[in-house]
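Residues 0 to 310, numbered by numbering that gives the first Met the number 0, are exactly what the sequence shown covers, in order.
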Amino acid sequence: MGKYITKRVLIAIFTLLVILFVLFVMLDKMPGSPFNDEKLTADQLALLNAKYGLDQPFMIRFINYVKCVIKFDFGVSYNIQKNLAVSSMLATRLPISIQIGLQAMVVGTIIGMLLGIIAALKRNTWIDTLCTGISVLGVSVPSYVIALGLAYFVGFKLGWFPILYNASKPFISTIMPTMALSLSPIANIARFTRSEMIEVLNSDYVLLAQSKGIKQYKLIINHVLRNTLISIITVMGPLLVGLLTGSMVIEKIFSIPGLGYLMVQAIQNNDYNVVMACAFIYSFLYIFVMLIVDILYGIIDPRIRVAKEGE
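(1) Leaving out five residues on either side along the sequence, give the residues of the same chain with a beta carbon under 7 Å from the beta carbon of residue 277.
(2) Span of the alpha helix (DSSP H) holding residue 267?
(3) Go ahead and pull the three-state DSSP assignment for residue 166.
(4) Between which two residues does the alpha helix (DSSP H) carrying residue 143 extend?
(5) Considering only their Cβ atoms, is the gap separating residue 11 from residue 115 smaller than 8 Å?
(6) Excluding the 5 residues preceding and the 5 following residue 242 in the sequence, name in chain order all residues of the same chain whose CB lies nearer than 6 Å to its CB.
(7) Given residue 142, which residues of its chain have a CB within under 7 Å of its CB, disregarding the five upstream and five downstream residues?
(8) State the Cα-Cα distance for the pair residue 16 and residue 7, rounded to the nearest angstrom.
(9) Is residue 68 close to chain D? Criterion is C-beta to C-beta, closer than 8 Å.
(10) Going by beta-carbon coordinates alone, are residue 73 and residue 85 separated by less than 8 Å?
(11) Could you tell me the distance, in whole angstroms, from the CA atom of residue 234 to the CA atom of residue 55?
(12) Beta carbon of residue 113, beta carbon of residue 187: below 8 Å?
(13) Going along the chain, which unbroken runs of the alpha helix (DSSP H) with 4 or more residues stay wholly within the region 109–140?
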């Protein structure tokens, strides 16, 4: 298991380097410049490029950038907040995005698993149909539509929660974004939980355990859910990454000063360092979450752990 984890970590580091290189190439080949002020003369542009090291050869700039990234130094902002360290901007915005993403994942997992379990135990009844309908709704309706509906009815009409993010009420301000983002994980986890539980409930070893007179709640907790969790974790990994990296529209709707909102600003203003930093953080989160999911496989299922130890 230790060798496997080490191997996975090394692959993750190499993947991040490749992603960083591709991002660097893409931004380098993009038309335009971070300094789009028409009042700047050619000499002034040359001075700015020299000041920020943009006049150096591509590979030298890339190697220097990688060295800085290792120290969590992403350079400075060119346009959004001129000469402010990008790491400082990330330090204030990243925790907000992570908080909302984790809240949505926790809510989505709990409600989704409950709906899936109930639907599986009451399959082919009206309860199963209701739970399945909620799953279809969650998959079909985009999160930004739910966000706009919540903002109008819950925020504007009822006035229960602030429509726009309020720094003095950080938790209350994240309730509606969390609700909007949690619908997708609720739907997906409920669907997978139901299908996997039905398959496990019809398996031979569960039928044998039932014939031995094991109580239903013990059977579900000790046998059914344990095997169902493997498939649920498989779904949770990409869902969590999607919540952390795909909340840009939601953050824009509720004016949340998170990472997604920052990336939209950076793209609009050609702030290359900020775009690079946000894209790198998103890539890091994706790879890190998938690594954790892979390790959890071995913890939940001993067969996977034994197979990994043998590699």
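All C-beta atoms in this analysis are idealised placements derived from N, C-alpha and C, irrespective of residue type, glycine included. Please read these numbers as outputs of a predicted model, since none were measured by experiment.
On the basis of the data shown:
(1) 258, 261, 262 and 265
(2) 258–267
(3) coil
(4) 142–149
(5) no
(6) 100, 103, 104 and 180
(7) 179, 180, 182, 183 and 249
(8) 14 Å
(9) Here chain D cannot be found, since the structure has a single protein chain.
(10) yes
(11) 44 Å
(12) no
(13) 125–139
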